[in-house]
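Colleague: Here it is: the structure, laid out below.
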Amino acid sequence: MAQIADACGIRKASLYHHFPEKDGLVLAAIERIHDHFREHIFAIAYSNDTDAKQRLYALCEATFGYFNGREGGCLLGNFTLALTERAPRFQEPLRSYFDDWAKAIAHLLTPEHGAGKARDLAFDSVAHVQGAIMMMRLYNDPQHLRRALDTSIKMLP
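Each residue of the sequence shown is one higher than the last, beginning at 37 in the working numbering.
What follows is the structure in structure tokens.
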């Protein structure tokens, strides 16, 4: 908590005033990131101002823009790996984030592939992107993420 307070430029007591327990801070971080993705990335899928292929491309570009060069990879992916087994209370908010991501992609794929296949392809895409984020971080090479997103774009003709 001291490192977080220092990074925010506030006193540790101020941080504890708003978040008496670390769990509250973790949940707030999950909610804030999820809200950002809902508003700035997932919303692209539902905008209806261009065709599905263009929206999928824009969603993938926004995803690349968010994660490329971001220190630490995907915080919610990291939380998922670190917390869900030992702190099951985080499972639901983390699942909600990944479900919303897959739903946004499936929304774009459904007219072409049907609902069931679109859902499966969407979850495969999210899993592929998450793995690519990890590889991008490990090898310090954004092409891992770029290739995963290009694969997602190719799901629509």
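We put the beta carbon where it would ideally sit given N, CA and C, even for glycine.
Excluding sequence positions up to five away, which residues of its chain have a Cβ less than 8 Å from the Cβ of Arg183?
Modeller: Ala168
Colleague: Closer than 8 Å is the cut-off here; do at least three beta carbon pairs connect the segment 105-114 with the segment 145-152?
Modeller: With the rule of 3 Cβ pairs closer than 8 Å, the segment 105-114 does not count as touching the segment 145-152.
Colleague: Does the segment 62-75 touch the segment 113-126, meaning 3 or more C-beta pairs lie closer than 8 Å?
Modeller: yes
Colleague: Are Arg155 and Ala138 touching if we call contact CB-CB under 8 Å?
Modeller: yes
Colleague: With distances taken from CA atoms, which of Arg91, His76 and Leu192 is nearest Leu157?
Modeller: Leu192
Colleague: At the level of alpha carbons, what is the spacing between Leu111 and Tyr93?
Modeller: 23 Å
Colleague: Going by CA-CA distance only, name the one from Asn176, Arg173, Ser161 and Ala81 that's closest to Asp186.
Modeller: Ser161
Colleague: Going straight from the alpha carbon of Ala118 to that of Ala79, what length do you get?
Modeller: Going by the C-alpha atoms only, they are around 28 Å apart.
Colleague: So the candidates are Leu174, Asp177, Gln166 and Tyr175; which of them puts its Cα closest to the Cα of Phe115?
Modeller: Gln166
Colleague: Taking Asp59 as part of the alpha helix (DSSP H), name the residues at either end of that continuous run.
Modeller: First-last of the alpha helix (DSSP H) with Asp59: Lys58 to His76.
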